[in-house]
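There are 2 protein chains.
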Amino acid sequence: MPIEQGVSPRGRSSARRGISEATVARLPIYHRVLTSMADRGVTTVSSEELAVASGVSSAKLRKDLSHLGSYGTRGVGYEVDYLVYQIARELGLTQDWPVVIIGIGNLGHALAGYGGFASRGFRVVGLLDSDPARVGEQLGQEPTGLAIRPLSDLEDVVRTTDASIGVIATPAIAAQGVCDRLVAAGVTSILNFAPVVLNTPDGVDVRKVDLATELQILAFHEQRKSDARMRA
Amino acid sequence: MPIEQGVSPRGRSSARRGISEATVARLPIYHRVLTSMADRGVTTVSSEELAVASGVSSAKLRKDLSHLGSYGTRGVGYEVDYLVYQIARELGLTQDWPVVIIGIGNLGHALAGYGGFASRGFRVVGLLDSDPARVGEQLGQEPTGLAIRPLSDLEDVVRTTDASIGVIATPAIAAQGVCDRLVAAGVTSILNFAPVVLNTPDGVDVRKVDLATELQILAFHEQRKSDARMRA
DNA sequence: TAGATTGTTAATCGATTAACAATC
DNA sequence: TAGATTGTTAATCGATTAACAATC
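Going down the list, the protein sequences come from chains A and B. Numbering follows the working numbering, in which position 232 of the first sequence is assigned residue number 232; successive positions increment by one, without gaps. In the working numbering, each residue's number is its place in the second sequence (first place is 1) plus 1000.
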C-alpha cells in the first residue's frame, strides 16, 4: 500500500494548506447549488451534473473538491448531503458569524434585510448610522428586530457582540474612517460597498463589492460586441 | 527606426485585441482613483503613486496601462486628465448606456438611486416589478424621476429604450425567467444580484454580485485566522 | 465482470513579477 | 548630462484543462 498522500498532521483533514483563492471563491456556489439539490430531494450527484449546474467544467469541479478531501465514490458520484456539510465546514459555515453593518441608507437597509445571510450562519448583530434622524429606527420584526444605533456606539457594539466581520455601506467619504475604527475595535474582515480603496493593516481581509465597476466591465464587453456587429 | 509595434489596423489604437479580463477588471479602479486625483487638482501621476492609491503593484499597473497604448512620459509619469479619458474610452464610458432594472425591492430601490451610475454614463431608463402594489410608484425627483412599470412591459421598455444592459434584482425564483425575457428582447449584458447561476446563450455576458458568497469567502479566511490564533 | 466516475497527473495557458533598456 | 520613470522582456508563479489510472 503506497503512501500516496500523508495524513494531515492536524485533526481536521480540511485544514491542509494550499486551497487556492480561486477555489475558495467557487465553494459558495457549489454549496448553494447542492443545497438547492438537496431541497429537491436529490441524494447523489456526479461531478458532471454538479459542474453544469454550477457553470464550471467538471475537471475544475473535481479539482476544487479534491482540495477538501476525498468525498466522492468512483463510479457513483458524491452524496449531496455529505458534500454540503463538508463544504460548509471548509467555509466556516458551521459556526455563527456576528456581523455589524455600518451605514443604513438604501443599501444598508437592503443588506440588513437580506435573508440569504441568516440562513448561512451570518447573524446581523449591529446596525450603525451617523444620521441622528435614523438612530433608534427598528428594522425587522420585534423578536428578531434590531434598532439602529449611533455611530459613536461602534466600538461598544463590536466588543459586546464579538463581531469579527464588518460591512461598510456608508458614503465613500466616510468609509476609511469607519474602517479604521472597525479595525481598531478588533474586526478582521471587511465587506466594503463604498467606492474607495480601503487601507488596512496586514491580517485584515477586505472584499469590495462595486456596483459601478461591475457595470463598467459589462460596458467594455458591450462596446466590443457593438464594434463587432458594426464590422459585420 | 525599428518597427517595434505595428500600428493597429483599426482607427482606434485601443481596439487592439488581447486586453485580459484581469486588466479590464482593474481599469474601473484606476479610473476612479484618477478621477478623484483630478478633482483634487493633481495633474501628473507616476505609476508608483497611482499603483499605491489603487492597491496594486506598479509593475502590474504599467503592464495594464500598456495594453491601452503608450500614454505616459518616461521620466515624468502620466497626465491625469489624459489617462482618465483614455481609460474611459477603453471601457466605453464615453457613451451612454441605457440600463433597465428588474425587481424593485430593497436592493433594486438602492440600485435605482445609486449616484455612481449616472456619473459614469449609465442611465437608468426602466424600472420593472411584478408586484401590482408597487407599480406606478415614482422613484427620484420629478424631472429625472422614473415610475415603476409592470413586469409585462419588459419587452416594450427594452425595445423603446434600446437598453443592452439589464440588472436583475428579483428573488432567486424569478431570475431565470426574467433573464430569458431580457435576452429574447435583445439585452446582451446582465448584472445579476439573484443568488442563482443564470443560463444564457453565447454572446450574452453575465456578471454576478452575490452578497452571501462574499461573506462566505470572508468567513473562510476568518476561520483560518481564528485557527492560527488558537495555535499560538 | 463491464460500465461509470472519481482523484490525480502532466501539459497548457494566462497572469504576475522583477529587472532593465529606452527615453524623457 | 544626471536623475527619473516608462514600456517591455523574460522568468516565475498559479490556475485551468485534458486525459487516464484507480476503483467503485
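For glycine and all other residues, C-beta sits at the position ideal for the given N, C-alpha and C. Note that the structure is a prediction, hence the values are computed from the model and not measured.
At a C-beta separation below 7 Å, Q1223/B has these neighbours in chain A: G92.
If you check the CB distance, T1043/B and V1076/B do not come in under 8 Å.
Per the C-alpha coordinates, the member of G166/A, P201/A, L34/A positioned closest to I190/A is G166/A. Taking a Cβ-Cβ threshold of 8 Å, the residues of chain A close to P1028/B are D210, A212, T213, Q216, I217, in chain order. S1130/B sits away from L1107/B, with the two beta carbons spaced by 8 Å or more.
Contact note: Y1114/B reaches chain A through L211, using a C-beta cutoff of 7 Å and chain order. Proximity of the stretch 87–103 of chain A to the stretch 123–138 of chain A meets the contact definition, three or more beta-carbon pairs being nearer than 8 Å. Any Cβ of chain A closer than 8 Å to the Cβ of I1173/B would place that residue at the interface, and such an atom is absent. Any Cβ of chain B closer than 8 Å to the Cβ of G41/A would place that residue at the interface, and such an atom is absent. Within the same chain, no Cβ atom closer than 7 Å to the Cβ of E49/A is found once the five residues on either side in sequence are excluded. Note on S164/A: 16 or more other CB atoms within 10 angstroms of its CB, so buried under the neighbour-count rule. Residue R207/A holds the alpha-carbon nearest to the alpha-carbon of H1221/B among N199/A, V183/A, R207/A, I217/A.
For S189/A, DSSP records a beta bridge to I165/A, D205/A. Cβ-Cβ separation between A1175/B and L1198/B: approximately 6 Å, consistent with a contact (criterion under 8 Å). For chain B, the residues of the stretch 159–172 of chain A that bring a beta carbon within less than 7 Å of one of its beta carbons are S164, I165, in chain order.
Just so you know, the alpha carbons of D1096/B and F1122/B end up roughly 6 Å apart. Residue pairing by DSSP places Y1078/B opposite V1045/B, G1072/B in a beta bridge. Chain B places a beta carbon closer than 8 Å to that of V24/A, counting this residue as a contact. Here I173/A is exposed: its Cβ has fewer than 16 other Cβ atoms, across all protein chains shown, within 10 Å. For the pair P28/A and I1168/B, the CB atoms are not nearer than the 8 Å cut-off. Judged by their CB atoms, D162/A and P98/A are nearer to each other than the 8 Å cut-off. Using a CB distance below 7 Å, the part of the stretch 1186–1197 of chain B facing chain A consists of T1188, S1189, L1191, P1195, V1197, ordered along the chain. Taking all protein chains in view, the Cβ of T160/A is surrounded by fewer than 16 other Cβ atoms within 10 Å, so the residue is classified as exposed. Residue-level contact check: D64/A does not touch chain B, since none of the beta carbons of chain B fall below 8 Å from its beta carbon. Within the DSSP bridge table, the entry for P98/A names R123/A as partners. The beta-bridge partner set that DSSP reports for A147/A consists of Q138/A. R120/A and A1212/B do touch by the CB rule: their CB atoms are close to 6 Å apart, below 8 Å. Listed in chain order, the positions of the stretch 77–111 of chain A with a beta carbon within less than 8 Å of a beta carbon of chain B are E90, L91, G92, L93, Q95, W97, V99, G105, N106, L107, H109, A110, L111. Residues of chain B with a Cβ closer than 9 Å to the Cβ of D205/A are, in chain order, I1217, L1218, H1221, E1222, K1225. The beta carbon of V1056/B sits closer than 7 Å to those of R1026, all from its chain and outside the five residues before and after it, given in chain order. For G55/A, the chain B residues whose Cβ falls inside 8 Å of its Cβ are V1197, in order along the chain. Against chain B, the beta carbon of V45/A has no neighbour under 9 Å; the closest one sits roughly 15 Å away.
Under the three-state reduction of DSSP output, D131/A falls in the coil class, being neither helix nor strand. Counting along the chain, the unbroken alpha helix (DSSP H) around N106/A starts and ends at 106–112.
In the same chain as P1195/B, and ignoring 5 residues on each side of it, the C-beta atoms closer than 7 Å to its own belong to A1172, D1210, A1212, in chain order. Interface annotation, R32/A: in contact with chain B, CB-CB separation under 8 Å.
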